[in-house]
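Working notes for the structure below.
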Amino acid sequence: MSCHQRAIALAARGARAACAALLLGLCVASHAWAVDSWQGVEKVVAIGDLHGDYDNFLKVLKQAGVVSRWGNWQAGKTHLVQLGDVPDRGPDTGKIIALLQKLQKQAEKDGGAVHALIGNHEAMNMQGDLRYVDPGEYKAFVTANSPRLRDRYYQLVIEHRKQADPEFEPDADFRAQWEQQIPLGYVEHRLAWAPGGEYGSWVLQHNAIIRIDRTLFLHGGLSPAVAGMPLEQINREVHAELAKGETGRADPPGMASDPNGPLWYRGLADHDEATEQANVDAILAWYDVDRIVVGHTPGFGTIVPRFGGKVLVADSGISHHYGGHLASLTIEGGRLVNTQEGQPLVIPVGDADPLPYFRAVEQLEPGVGALERLIDSLQHPAPAATGPPPAEAQPRAAP
Numbered sequence: 003m004s005c006h007q008r009a010i011a012l013a014a015r016g017a018r019a020a021c022a023a024l025l026l027g028l029c030v031a032s033h034a035w036a037v038d039s040w041q042g043v044e045k046v047v048a049i050g051d052l053h054g055d056y057d058n059f060l061k062v063l064k065q066a067g068v069v070s071r072w073g074n075w076q077a078g079k080t081h082l083v084q085l086g087d088v089p090d091r092g093p094d095t096g097k098i099i100a101l102l103q104k105l106q107k108q109a110e111k112d113g114g115a116v117h118a119l120i121g122n123h124e125a126m127n128m129q130g131d132l133r134y135v136d137p138g139e140y141k142a143f144v145t146a147n148s149p150r151l152r153d154r155y156y157q158l159v160i161e162h163r164k165q166a167d168p169e170f171e172p173d174a175d176f177r178a179q180w181e182q183q184i185p186l187g188y189v190e191h192r193l194a195w196a197p198g199g200e201y202g203s204w205v206l207q208h209n210a211i212i213r214i215d216r217t218l219f220l221h222g223g224l225s226p227a228v229a230g231m232p233l234e235q236i237n238r239e240v241h242a243e244l245a246k247g248e249t250g251r252a253d254p255p256g257m258a259s260d261p262n263g264p265l266w267y268r269g270l271a272d273h274d275e276a277t278e279q280a281n282v283d284a285i286l287a288w289y290d291v292d293r294i295v296v297g298h299t300p301g302f303g304t305i306v307p308r309f310g311g312k313v314l315v316a317d318s319g320i321s322h323h324y325g326g327h328l329a330s331l332t333i334e335g336g337r338l339v340n341t342q343e344g345q346p347l348v349i350p351v352g353d354a355d356p357l358p359y360f361r362a363v364e365q366l367e368p369g370v371g372a373l374e375r376l377i378d379s380l381q382h383p384a385p386a387a388t389g390p391p392p393a394e395a396q397p398r399a400a401p
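Listed below in structure tokens is the structure:
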């Protein structure tokens with residue numbers, strides 16, 4: 003445990019409790035995510051990155067018929083796959099996790115399932131990379147006890163600083179600047195995302211990659227460096243790294259933080275199709291699937307089929323931060339349907355012309371620049387073009 007983690011744990015006066023919770027969390031996780039493949043599932047609904055937007059997540063669930071008007075499970079034996087990136091950029095991570103936990107229990111009673119996959123932003127929060135944490139996330143943890151916890155944490159930080167520099171004496175300016183960086187609720191937030199904390203232990207109960215019938219689901223993508231590894235190995239290595247918390251960040255990075263790892267790789271979404279085709283074909287053959295569904299790369303405001311529908315990029319940008327484009331993917335009876343703003347649109351696969359599909363999306367999502375450019379490129383393809391242009395033709399999404 004790092005000095006930073008130790009200070010936080012001591013600030014909450016729960017070092018022993020945190021250690022016990024860590025052991026319990028890892029024990030539960032080691033059993034909960036052992037299953038990574040399911041067969042004979044009649045219907046799957048996949049939803050992309052949420053980024054702290056509870057209201058839009060609930061809207062998408064209702065539009066897809068997964069929940070009732072009251073937010074309760076009504077999808078029977080359906081499997082719901084949330085592709086990761088629940089936290090950051092918005093304030094409602096706790097509300098989203100609570101809803102997913104409720105739906106998981108309700109779905110299991112009906113013979114269905116909820117799969118909340120691990121995204122790179124779950125990993126970032128567990129490993130202490132807080133660049134994209136919305137201020138509302140900290141506020142959600144604030145209680146009457148928060149000032150005392152922060153004061154205790156401050157004292158421990160000063161003690162640690164003096165151990166390194168005995169002549170150090172903090173002044174009022176130092177304290178003021180420190181409090182700007184460490185808002186109320188920060189201590190509780192870090193404890194929640196620790197491996198044994200409320201959120202961290204929940205993450206460790208889930209997979210990074212799963213297979214349902216003929217489809218692979220994961221957050222980022224499979225690079226040639228990872229493709230071919232057994233699903234169990236990929237999930238085990240992601241868990242092993244995240245179970246170390248902030249001490250898990252290392253050089254070279256592990257499976258959970260490697261840019262070519264399953265939480266970060268964007269090649270399936272934004273590499274030229276001719277360049278990435280061999281990797282896609284190898285993935286499909288190795289895992290014996292027909293398609294790969296990923297999130298992680300927004301920009302077009304919809305679900306984007308690539309490689310003739312062998313790859314579906316399902317990060318439509320549901321959160322307000324990315325435009326609030328509401329879309330979900332349904333796989334049922336061999337059909338792929340995008341429910342965009344409540345309207346069902348059949349996703350083209352194989353040799354089907356994708357232009358009518360994207361034009362229909364544009365009617366529901368006007369003013370999305372990248373989508374307009376995509377349609378224009380399909381209407382006036384360059385001689386050597388193969389399929390939709392890569393997402394890198396637009397400003398790249400941040401992590």
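For the sequence shown, the residue numbers in the numbering used here are 3 to 401.
Beta carbons are placed, not taken as given, at the ideal position from N, Cα and C, and that holds for glycine.
None of these values were measured; they are calculated from a predicted model.
Secondary structure of residue i, DSSP reduced to three states
{"i": "Gln84", "result": "strand"}
{"i": "Lys312", "result": "coil"}
{"i": "Val135", "result": "coil"}
{"i": "Cys29", "result": "Residue placement at Cys29 is flagged as unreliable, the pLDDT there being 41, under the threshold of 50; the coordinate-derived value follows with that caveat. Correct three-state label for Cys29: helix."}
{"i": "Glu394", "result": "With a pLDDT of 43 at Glu394, under the threshold of 50, the predicted position of this residue should be treated as unreliable, though the coordinate-derived value follows. Helix."}
{"i": "Val370", "result": "coil"}
{"i": "Val189", "result": "helix"}
{"i": "Ala142", "result": "coil"}
Paired residues, beta bridge with residue i - DSSP
{"i": "Asn340", "result": "Leu331 and Leu347"}
{"i": "Arg213", "result": "Ser39 and Leu218"}
{"i": "Trp75", "result": "Val69"}
{"i": "Lys45", "result": "Glu334"}
{"i": "Pro383", "result": "For Pro383, which the question treats as bridged, DSSP gives no partner whatsoever."}
{"i": "Ala115", "result": "His81"}
{"i": "Gln307", "result": "Going by the sequence as given, residue 307 is Pro instead of Gln. In DSSP, Pro307 forms a bridge with Leu314."}
{"i": "Ile294", "result": "Leu218 and Val313"}
Cβ-based neighbour list, residue i, same chain, cut-off 6 Å, excluding 5 preceding and 5 following
{"i": "Val43", "result": "His81, Ile214 and Asp215"}
{"i": "Glu343", "result": "Leu328 and Leu366"}
{"i": "Ala196", "result": "Gly202 and Gly247"}
{"i": "Asn2", "result": "The structure shown does not extend to residue 2, since the chain spans only 3 to 401, so no value can be given for it."}
{"i": "Pro346", "result": "Val339"}
{"i": "Tyr408", "result": "Within the shown structure, residues of the chain are numbered from 3 to 401, placing residue 408 beyond reach of any answer."}
{"i": "Thr341", "result": "Gln65, Ala66 and Ser330"}
{"i": "Gln84", "result": "Ile49 and Ala118"}
Beta-carbon proximity check, residue i vs residue j, cutoff 8 Å
{"i": "Leu380", "j": "Pro350", "result": "no"}
{"i": "Ser321", "j": "Asn58", "result": "yes"}
{"i": "Tyr188", "j": "Tyr156", "result": "no"}
{"i": "Val313", "j": "Ile294", "result": "yes"}
{"i": "Gly50", "j": "Ala316", "result": "yes"}
{"i": "Gly311", "j": "Asp87", "result": "no"}
{"i": "Thr299", "j": "Asp272", "result": "yes"}
{"i": "Ser318", "j": "Ala66", "result": "no"}
{"i": "Pro185", "j": "Gly138", "result": "no"}
{"i": "Arg251", "j": "Ser259", "result": "yes"}
{"i": "Leu233", "j": "Ala125", "result": "no"}
Other residues of its chain near residue i: CB distance less than 8 Å, five sequence neighbours each side excluded
{"i": "Pro264", "result": "Ala210, Ile211, Leu220, His221, Gly222, Gly223, Leu224, Val228, Ile236, Val240 and Met257"}
{"i": "Lys79", "result": "Val43, Glu44, Lys45, Asp112, Gly113 and Gly114"}
{"i": "Val69", "result": "Leu60, Leu63, Trp75, Gln76, Ala77 and Leu105"}
{"i": "Leu26", "result": "With a pLDDT of only 40 at Leu26, under the threshold of 50, the placement of this residue in the model should not be trusted, and no figure is reported."}
Same chain only: Cβ atoms within 7 Å of residue i, ignoring 5 sequence neighbours per side
{"i": "Val291", "result": "Arg213, Arg216, Thr217 and Leu218"}
{"i": "Lys164", "result": "Phe170"}
{"i": "Gln41", "result": "Asp215"}
Supposed close pair residue i, residue j - CB separation, criterion 8 Å
{"i": "His53", "j": "Asp90", "result": "6 Å"}
{"i": "Gly96", "j": "Ala142", "result": "5 Å"}
{"i": "Val205", "j": "Ile120", "result": "6 Å"}
{"i": "Thr304", "j": "Val348", "result": "Between Val348 and Thr304 the Cβ distance is about 13 Å, and since that is not below 8 Å, they are no contact."}
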